[in-house]
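Okay, so here's the structure we're looking at.
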Amino acid sequence: MRRSLALVLLLVSVLVGGSTRADDGYRLWLKYDRIQGAALQRAYATAFTAIVNTESSPMRQVAVEELQTGLQGLLGTKVPVQKQASGKGDVVLQLNAQEQVGQEGYHIYRKGNQTIIAAKTEKGLLYGSFGLLRHLQTLRPLSELNITTSPKVQYRVLNHWDNPNGTVERGYAGSSIWKWYDLPQVIDPRYKEYARANASIGINATVVNNVNASARFMTAEYLHKVKALADVFRPYGIRVYLSVRFTAPRNVGGLSTADPLDPAVQQWWNEKVKEIYSIIPDFGGFVVKANSEGEPGPQDYNRTHVDGANMLAKAMAPYDGIVMWRAFVYKADPNGDRYKAGYEEFKPFDGQFDPKVLVQVKNGPIDFQPREPFSPLFGQMPQTPLMMEFQLTQEYLGFATHLVYEAPLFKETLDSDTYVKGPGSTVAEVVDGSLHGYTRTGMAGVSNIGSDRNWTGHPVGQANWYAYGRLAWDHTLSSEQIAEEWIKMTLTRQPQAVATIKSIFMESREAAVNYMTPLGLHHIMGESIHYGPQPWLEKSQRPDWTSLYYHRADAQGIGFDRTKTGSNALSQYAPELQQQWGVLENTPEKYLLWFHHVSWSYKMDNGRTLWEELCYRYYGGVNSVEQMIRQWDSVKGSVDPELHADVASRLQIQKREAEWWRDACVLYFQTYSKRPIPDDLPKPDRTLEEIKELVRIYQLR
Ligand code: GCW
-15 MRRSLALVLL LVSVLVGGST RADDGYRLWL KYDRIQGAAL QRAYATAFTA
35 IVNTESSPMR QVAVEELQTG LQGLLGTKVP VQKQASGKGD VVLQLNAQEQ
85 VGQEGYHIYR KGNQTIIAAK TEKGLLYGSF GLLRHLQTLR PLSELNITTS
135 PKVQYRVLNH WDNPNGTVER GYAGSSIWKW YDLPQVIDPR YKEYARANAS
185 IGINATVVNN VNASARFMTA EYLHKVKALA DVFRPYGIRV YLSVRFTAPR
235 NVGGLSTADP LDPAVQQWWN EKVKEIYSII PDFGGFVVKA NSEGEPGPQD
285 YNRTHVDGAN MLAKAMAPYD GIVMWRAFVY KADPNGDRYK AGYEEFKPFD
335 GQFDPKVLVQ VKNGPIDFQP REPFSPLFGQ MPQTPLMMEF QLTQEYLGFA
385 THLVYEAPLF KETLDSDTYV KGPGSTVAEV VDGSLHGYTR TGMAGVSNIG
435 SDRNWTGHPV GQANWYAYGR LAWDHTLSSE QIAEEWIKMT LTRQPQAVAT
485 IKSIFMESRE AAVNYMTPLG LHHIMGESIH YGPQPWLEKS QRPDWTSLYY
535 HRADAQGIGF DRTKTGSNAL SQYAPELQQQ WGVLENTPEK YLLWFHHVSW
585 SYKMDNGRTL WEELCYRYYG GVNSVEQMIR QWDSVKGSVD PELHADVASR
635 LQIQKREAEW WRDACVLYFQ TYSKRPIPDD LPKPDRTLEE IKELVRIYQL
685 R
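Below is the structure:
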């Protein structure tokens, strides 16, 4: 009885109210909710009364479908699609070879009462359609409808670290969205939503499996599953790529070796690639993690990265595919410096890779820390296209419990000056090819997407996916602008609330750096799981997996000397940077402990000692989170209640964990500094042993 009453009520509320359902985040930033405000509503409604499309093709069809859905949602009226222009209120999709845009770019402009989306290719039309909708979703005036834009890099890639069993390495948003056991017969509707979201920000490549790769994906059985995904993604301009296990010829090919110089191995790969293209004609190519963290690679056969990468590139020769070879390598050497490993192994190979190879480099030299200087490889391999690899999933940024808007992190790396061709030779210009004239360019982001209803676990994780795509398209966009777009498209369009949320976003990354790893500390997190603080980690399977290896705290001070008196990792950078970062007084405080072992009594710019400043940073980080909580509270009426409550609860966890970090690090480093916590700061109300116990609980099996 009760149940049927509830059902009736539900039905009535859906019929009457339409949107009584709370916002669960599933629609991402493609919400298209009705625009409020009479003036803008009127202006938009008369400007867009029909969609004019003369050709039919799968890509045009999805562009038109998106425009129709979007306009209907935003304007509240159905907008018809027609073949003929009506002269006013038309949105016209127009191919035009003369447009001054790149192959994927577009030009949107007003011509009389019409809006023209012009491009050289259908892909440009697709991106332009999303571009127009974004303009309206963010409430920009019609008078500003004159947009010319083309992507700055060619391969705009999402890397999924998704395993065949449905788990996601470093994934915090549920399980994999790929249902390998159901494919190819069952096509989850999510695949299409995923493609729409990516197309809307210009992502054109997806690597669907983990770089710690299973050879399974090289079997016909699995290639047909991958093909089913490729078929869904194709109209959205997205090509599918696979991570390969270097020993696949042995694992699934029946060969006794995977030596890249062995003719039988080469033959196997040639045939495998041929088979792949017969199944997926627009297959994008391979990603390879070789001789890194135990993964197999050419060095197992006394061959080099070049031998391995070029063998795969040769197999790709007849096709339009590429090989993305990762430079994330380091050896367990207690006397070495992991910082230097990528450069040492790869720099000597500059100019030797096949033209189809891009070397994929993580933004920093260690591993996606809250803050890292840019990897010294950028700028130092002028003859080898280097791709940027960012991490969207928050492996070192508090998983899905911390609100950290990552665009400022991405921008910090991209805007860094390498000085390799004089001042102003930024990392972004290395990556977009303009500095060294790379013929291929790319950016990869390690995905934060999972099966959670809202895709990313933390609702703000969506903003990181969004920001990554926008920056891969155009690295000159500002973090603020991207934040504002996403907030307006996803959370609220009320100006005051937008401003407040934007300010939360903009302070969030620095807050995390302060409560986790201020002043250039790095790699002091929980062992293996990478959750919570563990600066006291002194022993592990490998020396470079401990915390001590990195912070080097002792009675005198703290930090890793990477100058000439230490590991001299600095020698891998341009002389200008060696001079800046090599001298303690000239080193930006944010990088201090990356490059110097600094005395506890060292005087900082503000007159405090290093020890005092370290304490203030940790306490400041927690204060920032408290401030974020208050700010988020203040926008309660402007954001969907369910979503608001979700973020509010996560902020509470973030505060609790920021306090762990603070207490753990201050108390632990105090055992070396032997100095008091400054008087005006409250003392931790627990002991170091108590926090150690907390961290231990999370590491129990
Ligand atoms: O960040 C580290 C992660 C590993 C990951 C590795 C990599 C896929 O802890 O889980 O493995 O980097 O980038 O290869």
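First residue of the sequence shown: -15, per the working numbering; consecutive thereafter. Beta carbons are placed, not taken as given, at the ideal position from N, Cα and C, and that holds for glycine. Computed from a predicted structure; not experimentally measured.
Which of helix, strand or coil DSSP assigns to residue i
| i | result |
| --- | --- |
| Trp309 | strand |
| Asn182 | helix |
| Glu522 | coil |
| Asn347 | coil |
| Ile513 | coil |
| Leu672 | helix |
| Gly9 | coil |
| Val606 | helix |
| Val430 | strand |
| Asp401 | strand |
| Ser583 | strand |
| Ser453 | For the record, residue 453 in the displayed sequence is Gly; it is not Ser. Here Gly453 sits in helix by DSSP. |
| Ile161 | coil |
| Ala34 | strand |
| Val170 | coil |
| Tyr90 | strand |
| Leu684 | coil |
| Met(-15) | The predicted position of Met(-15) is uncertain, since its pLDDT is 44 and thus under 50; a value taken from the coordinates is nonetheless stated next. Here Met(-15) sits in coil by DSSP. |
| Ala27 | helix |
| Val48 | helix |
| Gly71 | coil |
| Val567 | coil |
| Gly382 | coil |
| Val411 | helix |
| Gln353 | coil |
| Gln556 | helix |
| Leu691 | The first residue shown for the chain is -15 and the last is 685, placing residue 691 beyond what the model contains. |
| Gly474 | Reading off the sequence shown, one finds Thr at residue 474, where the question assumed Gly. Three-state result, Thr474: helix. |
| Gln636 | helix |
| Gly445 | helix |
| Gly421 | coil |
| Leu79 | strand |
| Gly320 | coil |
Per DSSP, cross-strand counterpart(s) of residue i
| i | result |
| --- | --- |
| Gln654 | Note: Gln654 sits in no beta bridge, so no partner. |
| Asp663 | Answer by DSSP bridge pairing: none, since Asp663 is not bridged. |
| Glu373 | Lys346 and Ala428 |
| Arg140 | Met427 |
| Ala204 | Note: Ala204 sits in no beta bridge, so no partner. |
| Ala189 | Val141 and Arg223 |
| Ile542 | Val582 |
| Val152 | Asp146 |
| Ile131 | Ile92 |
| Thr593 | Lys587 |
| Val65 | Ile35 |
| Val341 | Val307 |
Whole-number beta carbon distance between residue j and residue i, since they are thought to touch under 8 Å
| i | j | result |
| --- | --- | --- |
| His386 | Ala496 | 6 Å |
| Val192 | Ile264 | About 11 Å separates the two Cβ atoms, so there is no contact after all. |
| Thr425 | Val415 | 6 Å |
| Ile187 | Arg140 | 5 Å |
| Thr61 | Ala27 | The pair is not a contact, with the Cβ atoms about 14 Å apart (cut-off 8 Å). |
| Thr132 | Gln84 | 7 Å |
| Val63 | Ile35 | 6 Å |
| Ala204 | Gly441 | No, Ala204 and Gly441 are not in contact; Cβ-Cβ is about 34 Å, not under 8 Å. |
Check: residue i C-beta below 8 Å from any heavy atom of ligand 3
| i | result |
| --- | --- |
| Ser276 | For ligand 3, the structure offers nothing, since it holds only ligand 1. |
Chain B within 9 Å of residue i, Cβ atoms only
| i | result |
| --- | --- |
| Ala103 | Note that chain B does not occur in the displayed structure, where there is just one protein chain. |
* Start-end ranges of the alpha helix (DSSP H) lying completely within the segment 207 to 295, minimum 4 residues -> Counting only runs of 4 or more residues that sit fully inside the segment 207 to 295, the alpha helix (DSSP H) segments are 232 to 235 and 247 to 263, in chain order.
* Looking at C-beta atoms only, is the number of pairs between the segment 268 to 277 and the segment 299 to 314 that lie closer than 8 Å three or more? -> By the criterion of at least three beta-carbon pairs nearer than 8 Å, the segment 268 to 277 is in contact with the segment 299 to 314.
* To do: Would you mind listing the beta strand (DSSP E) stretches within the segment 96 to 126 that are 3+ residues and don't spill past its ends, in chain order?
  => Along the segment 96 to 126, the beta strand (DSSP E) occurs as fully enclosed runs of 3 or more residues at 97 to 103, listed in sequence order.
* Asked: Can at least three beta-carbon pairs, one atom from the segment 254 to 262 and one from the segment 297 to 304, be found at a separation below 8 Å?
  -> The segment 254 to 262 makes contact with the segment 297 to 304; the number of CB pairs closer than 8 Å reaches 3 or more.
* Mind the definition here: the segment 45 to 55 touches the segment 112 to 119 only if three or more C-beta pairs lie below 8 Å; say whether that holds. => Yes, since at least three Cβ pairs between the segment 45 to 55 and the segment 112 to 119 fall closer than 8 Å, the two stretches touch.
* Asked: Hey, is the segment 173 to 190 in contact with the segment 6 to 16, meaning 3+ C-beta pairs nearer than 8 Å?
  -> In short, these stretches touch, since the Cβ pair count reaches three.
* Is there contact here, the segment 556 to 568 with the segment 597 to 606, by at least three beta-carbon pairs under 8 Å? -> By the Cβ criterion, the segment 556 to 568 is not in contact with the segment 597 to 606, since fewer than three pairs of Cβ atoms, one from each stretch, lie closer than 8 Å.
* Asked: Would you say the segment 528 to 542 touches the segment 373 to 384, given that touching needs at least three Cβ pairs under 8 Å?
  -> By the Cβ test, the segment 528 to 542 is not in contact with the segment 373 to 384, since fewer than three Cβ pairs between them sit closer than 8 Å.
* To do: Could you tell me whether the segment 554 to 562 touches the segment 632 to 648, using the rule of 3 or more Cβ pairs below 8 Å?
  => As far as the Cβ criterion goes, the segment 554 to 562 does not touch the segment 632 to 648, which means the pair count is below three.
* Would you check if there are 3 or more beta carbon pairs closer than 8 Å linking the segment 428 to 442 to the segment 474 to 485? => Contact fails between the segment 428 to 442 and the segment 474 to 485, because fewer than three Cβ pairs, one in each stretch, are under 8 Å apart.
* Asked: Counting Cβ pairs closer than 8 Å, one from the segment 279 to 293 and one from the segment 231 to 251, do we hit at least three?
  -> Yes, the segment 279 to 293 touches the segment 231 to 251.
* Check whether the segment 577 to 586 touches the segment 536 to 551, taking contact to mean three or more Cβ pairs, one atom from each stretch, closer than 8 Å. => Touching, yes, given that three or more Cβ pairs across the two stretches are closer than 8 Å.
* Please determine if the segment 590 to 604 and the segment 439 to 453 are in contact, where contact requires at least 3 C-beta pairs separated by less than 8 Å. => No, they do not touch.
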